[in-house]
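Residue numbers (the numbering used here): -10 to 320.
Quick reminder that beta carbons are idealized off the backbone N, C-alpha and C, glycines included.
Model, not experiment: these values are computed from the prediction.
Okay, structure first, notes after.
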């Protein structure tokens, strides 16, 4: 069992006075590794978890995310067939969480990785197969896509004023509630429509998936990452300090925006972004520093407007207030 299993506990303890390389050599010897084999494995796992340049730093100087990555490194020393991780991203800041997910993704295909977590974004971005447990009993198993399909008619999206949401909340099951200016964007679990304005989030997803990836050149990736996350509600999923790039996902889809500073890549692009109400959204974006190039106007499925963000990127803002139509309207 020792040769086939690697384990990273939720509370991973280290010896703060020694270096990462010394710690891994110590753990490797406990696992039966010796001599040249031990040295090769230590250097290999340090590279796998992006800690080669920090290998000779004392562990007391490591951040929480670096300690978690060191935990994966020690679990990989014996080249296990099974890797078990218990709540690996709990307590990490967003940047370290993204880096940790990158490490997990790089391990896929080489071994079976079993991840225990209550953080939905970890599951969404790393898992290929799910098992749901309730009070120690297996209640469901399948792919993330199958789970979303099972919940397709039970999850509702709703954007309403804060005061109205306060009155609605005690009467329904709210899974998420995100402030959007004077409104609240809520995700509600219900077998029937919980509010006249509630709609299925899949309606947004199917159109946004028309966009696979958009490259946007900005002057400052960190500043732009915060702006697109705070103002447009995009989800940061990765950041590469070596290339200076960062990626965000559109809500409810796998469509990705990649922020970069490479002058060789054209900076003027146009992004189609679906919202619940164009008039309200454009007003909110203008208050956050965006320039309105074309005021909201009627189109077949609803309304449309064109804005420009502070980084020079044009965005075509759409809603489907008149109902969904064929997806090929977005080219």
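Looking only at its chain, what residues have a beta carbon closer than 7 Å to the beta carbon of residue i, apart from the 5 residues adjacent to it on each side?
i           : result
residue 114 : 90 and 226
residue 30  : 17, 22 and 66
residue -4  : 64 and 73
residue 296 : 271, 274, 279, 280, 281, 282, 304 and 306
residue 70  : -7, 100 and 101
Do you know offhand how far residue i's Cα is from residue j's?
i           : j           : result
residue 20  : residue 128 : 36 Å
residue 276 : residue 132 : 41 Å
residue 287 : residue 293 : 6 Å
residue 51  : residue 40  : 10 Å
residue 86  : residue 236 : 13 Å
residue 118 : residue 282 : 44 Å
residue 1   : residue 247 : 33 Å
residue 200 : residue 126 : For residue 200, the predicted model reports a pLDDT of 43, less than 50, meaning its position is unreliable and no value from the coordinates is stated.
residue 138 : residue 144 : 10 Å
residue -7  : residue 274 : 53 Å
residue 308 : residue 101 : 42 Å
residue 174 : residue 165 : 8 Å
residue 53  : residue 75  : 15 Å
residue 169 : residue 152 : 13 Å
residue 95  : residue 36  : 11 Å
residue 14  : residue 123 : 39 Å
residue 198 : residue 116 : Legend: pLDDT at residue 198 = 36, less than 50; position of this residue unreliable, no value from coordinates given.
residue 109 : residue 221 : 20 Å
residue 193 : residue 252 : Bear in mind that the predicted position of residue 193 carries a pLDDT of just 41, short of 50, making it unreliable; the figure below should be weighed with that in mind. Roughly 32 Å between the two C-alpha positions.
residue 130 : residue 136 : 8 Å
Should residue i go down as buried or exposed, given a rule of 16 or more other Cβ atoms within 10 Å for buried?
i           : result
residue 217 : buried
residue 249 : buried
residue 291 : buried
residue 155 : exposed
residue 104 : buried
residue 261 : buried
residue 209 : exposed
residue 92  : buried
residue 78  : buried
residue 231 : exposed
residue 60  : buried
residue 88  : buried
residue 167 : exposed
residue 223 : buried
residue 111 : buried
residue 25  : exposed
Taking C-alpha atoms, which residue in the options lies nearest to residue i?
i           : options              : result
residue 284 : 299, 271 and 291     : 271
residue 11  : 130, 261, 0 and 43   : 43
residue -2  : 126, 300 and 62      : 62
residue 172 : 78, 269, 34 and 15   : 269
residue 55  : 233, 252 and 38      : 38
residue 264 : 279, 68, 305 and 234 : 305
residue 9   : 175, 222 and 58      : 58
residue 147 : 135, 13 and 178      : 178
What residues in its chain sit with their C-beta under 6 Å from that of residue i, if we drop five residues either side in the sequence?
i           : result
residue 195 : Unreliable placement is indicated for residue 195, whose pLDDT of 37 sits below 50; the coordinate value is still reported in the next sentence. Once the five neighbours on either side are set aside, residue 195 has no close Cβ partner at all.
residue 298 : 279
residue 107 : none
residue 300 : 207 and 213
residue 267 : 285, 292, 294, 306 and 308
residue 27  : 17
Can you list, in chain order, the residues of its chain whose CB lies under 8 Å from that of residue i, leaving out five sequence neighbours each side?
i           : result
residue 98  : none
residue 149 : 157, 172, 173, 175, 184 and 186
residue 233 : 210, 249 and 250
At a threshold of 7 Å, does residue i count as lining the ligand PLP (C-beta to nearest heavy atom)?
i           : result
residue 220 : This structure does not include the ligand PLP; it has no bound ligands of any sort.
**Item:** Stretch-stretch touch, CB-based, cutoff 8 Å, three pairs: the region 47 to 62 with the region 0 to 20
**Value:** Enough Cβ pairs lie closer than 8 Å, so yes.
**Prompt:** Does the region 175 to 192 come close enough to the region 153 to 163 to have 3 or more Cβ pairs within less than 8 Å?
**Reply:** Judged by Cβ distances under 8 Å, the region 175 to 192 makes contact with the region 153 to 163, as three or more pairs qualify.
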